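Okay, so here's the structure we're looking at.
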Amino acid sequence: MNQGYAAPSPSATAPATVLVVEDDPTINGALTDRLVAEGFRVVQAFDGPGAVAANSEHAPDLVVLDLMLPGFDGLEVCRRVHAERPVPVLMLTARVDETDLLVGLGVGADDYVTKPFRMREVVARIRALLRRVDRARELAEARPPVLALGDLSVDRGARRVEVDGETVHLTPLEFDLLVALASTPGAVRARDELMREVWGWADAGGTRTLDSHVKSLRSKVGSTRVRTVHGVGYALEVGSEGLDRTDGTEGER
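The opening residue of the sequence shown carries number 1 in the numbering used here; numbering runs sequentially from there.
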């Protein structure tokens, strides 16, 4: 089942719609109350099928998604949501195992918060993800539509990536991260700089998220294409195969 709540809006601008998917009624209600108080319109869902139905009906601007759900889990919800249209997803999880987190990021989650969490942090992450969507749209309009870097082609307008003529399927956040690196090919982008540009965060508190996305991106575009510079950040190698090395390397995080 799902239910919608709308916060009063003092302006003519429609508030962003957030779909909250959490089977625990107490947590779902607390998140809903806080987000409504912050000025968002909120739609609630309590299981996997209800989440997919609510996404189709309400077309939310962002989904807050619990990993463990009745019906089917958050990973399957994420797959089905992104099969309809790209939408930022903030995953809630009690798991901290890196494999579980990488699977979540791999199916399209943009960020994650581990339980127990602070409401203030969830709201901050939501606002950052929404800013990232707006920023990605602005950058796509301001830059050339297609970047051709050796055997790598990045089409910003179509949000399509090809490696050696073969289409590579990236999540929305992986695509934005690749665009940020490809905009200055060969140059090292600092970690905090990437966090600001891609996630909209002003500090480096989410660098584990960055590292996880880089690891997932490498698995799709080539393990040596994204170079790690220890203590600094990452760079996109130009060429058909990249360089099989890192500088003072941290390895493949």
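Every residue, glycine too, gets a C-beta built ideally from N, C-alpha and C. Since the structure is predicted, the reported quantities are computational estimates derived from the model, not experimental observations.
Once you ignore the five residues that flank residue i on each side, which residues in its own chain have a CB closer than 7 Å to its CB?
| i | result |
| --- | --- |
| A190 | V232, G233 |
| R159 | F175 |
| P60 | T17, V18, L19, V43, V87 |
Roughly how many angstroms lie between the CA atoms of residue i and residue j, to the nearest whole one?
| i | j | result |
| --- | --- | --- |
| R125 | S183 | 25 Å |
| A54 | E174 | 25 Å |
| L19 | T32 | 9 Å |
| D66 | T93 | 6 Å |
| G186 | L236 | 5 Å |
| Y112 | L210 | 11 Å |
| L194 | P88 | 17 Å |
| R41 | H169 | 31 Å |
| E197 | A180 | 7 Å |
| A109 | S56 | 18 Å |
| S219 | R225 | 10 Å |
| Q177 | V36 | For the record, residue 177 in the displayed sequence is Leu; it is not Gln. Distance between the alpha carbons of L177 and V36 is about 30 Å. |
| L130 | V238 | 31 Å |
| K115 | R132 | 24 Å |
| G222 | L149 | 14 Å |
| V63 | E121 | 15 Å |
So residue i and residue j are in contact, right, with Cβ under 8 Å, and what is the actual spacing, rounded?
| i | j | result |
| --- | --- | --- |
| L69 | V21 | 7 Å |
Residues in the same chain with beta-carbon distance under 8 Å from residue i, minus the five sequence neighbours each way, listed in chain order, please.
| i | result |
| --- | --- |
| T167 | R160, V161 |
| D23 | F46, D47, D66, M68, L69, P70 |
| E119 | The residue you asked about is not Glu; residue 119 is Met in the sequence shown. The answer, listed in chain order, is A30, L31, R34. |
| F117 | L92 |
So, at 6 Å on beta carbons, what are the nonlocal neighbours of residue i in its own chain, with the 5 sequence-adjacent residues on each side left out?
| i | result |
| --- | --- |
| V123 | E38 |
| F72 | G48 |
| V188 | V229, V232, G233, A235 |
| L51 | What sits at residue 51 in the sequence shown is Ala, not Leu. Result list for A51: V21, A45, V77, in chain order. |
Would you mind sorting residue i into buried or exposed? The rule is 16 or more other CB atoms within 10 Å of its CB.
| i | result |
| --- | --- |
| T26 | exposed |
| D77 | The sequence given here has Val at residue 77, not Asp. Buried, by the Cβ-count rule. |
| R227 | buried |
| H213 | buried |
| A45 | buried |
| V146 | exposed |
| D134 | exposed |
| T249 | Confidence is the limiting factor: at T249 the pLDDT is only 39, short of 50, which leaves the residue's position unreliable, though a coordinate-based value still follows. With fewer than 16 Cβ atoms within 10 Å of its Cβ, T249 is classed as exposed. |
| T171 | buried |
Contact between the region 149-157 and the region 78-85 (3+ Cβ pairs under 8 Å)
No, they do not touch.
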